[in-house]
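Heads up: the sequence shown is residues 1 to 148, going by full-length UniProt numbering. Just so it is clear, CB atoms sit at the ideal spot from N, CA and C, and this is done for glycine as well. Small disclaimer: the values here were computed from a predicted structure and weren't measured. Notes to accompany the following structure.
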Amino acid sequence: MSWLFHGPHISGDNISQFVEYSSPLIVKSLSKGFLKLAKAHNFDVTKYGTKCDEKSDISQPLRKAWVDACSTPGAAKVIIPKGTHCLLEVDLVGPCKGSMTLQIEGTIKAPTNPRAHFANSWVRFRYIDYLTLNGGGSFHGQGKTAWG
């Protein structure tokens, strides 16, 4: 299942923000009956210095992949591959130069120590238009163990 988040830029002339595809192709432009498709630029967090294990924190690699993807014109996709990944906390911020997809294929686990959170939230998305979350993975908040 995919979630598509729309920004405040909605008008009668711009209908492309209402179109979502589950394939790797995304809508780049929809005007005058012509559909132009473009493949998203992929940014895999493992290329930014993280491992797919339960011990490596992916906060910095995810942040770096996000910054690179966000600064890329057109559609961009940040990929968190299969496996279990630890994430202390992350702030994913826009505005971005194009639509963003966060594809979570694995499990992202919160720290079990509540003091590991420096802010009042674990994963923050701010100032982002046209965000899609997909991939079949999950966020594991650790339940009571992480509440303190």
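{"Asked": "Return the bridge partner residues of Cys70 from the DSSP annotation.", "Found": "Answer is none; Cys70 lacks a bridge partner."}
{"Asked": "Identify whether Lys109 lies in helix, strand or coil by the three-state DSSP scheme.", "Found": "strand"}
{"Asked": "Say the cut is 7 Å; is the CB of Leu62 nearer than that to a heavy atom of the ligand GDP?", "Found": "With respect to the ligand GDP, the structure offers nothing, as it holds no ligand at all."}
{"Asked": "Between Gly94, Lys64, Lys77, Cys70, which has its C-alpha nearest Phe125's C-alpha?", "Found": "Gly94"}
{"Asked": "If you draw a straight line from the alpha carbon of residue 169 to that of Thr112, how long is it in whole angstroms?", "Found": "Look at the range of the chain in this structure, 1 to 148, and you will see that residue 169 is not part of it."}
{"Asked": "Would you check if the distance between the CB atom of His140 and the CB atom of Lys97 is smaller than 8 Å?", "Found": "no"}
{"Asked": "Report the rounded CA-to-CA distance for Ser56 versus Leu87, giving the unit in angstroms.", "Found": "8 Å"}
{"Asked": "Cα-Cα, which of Tyr48, Thr50, Leu62, Ala69 is closest to His41?", "Found": "Ala69"}
{"Asked": "Can you list, in chain order, the residues of its chain whose CB lies under 6 Å from that of Ile58, leaving out five sequence neighbours each side?", "Found": "Val45, Thr50, His85, Leu87"}
{"Asked": "Exposed or buried, what is Lys144 when buried is set at 16 or more other beta-carbons lying within 10 Å of its beta-carbon?", "Found": "exposed"}
{"Asked": "Rounded to whole angstroms, what is the Cα-Cα separation between Lys36 and Gln142?", "Found": "Legend: pLDDT at Lys36 = 44, less than 50; position of this residue unreliable, value from coordinates given subsequently. Taking the straight line joining both Cα atoms gives about 42 Å."}
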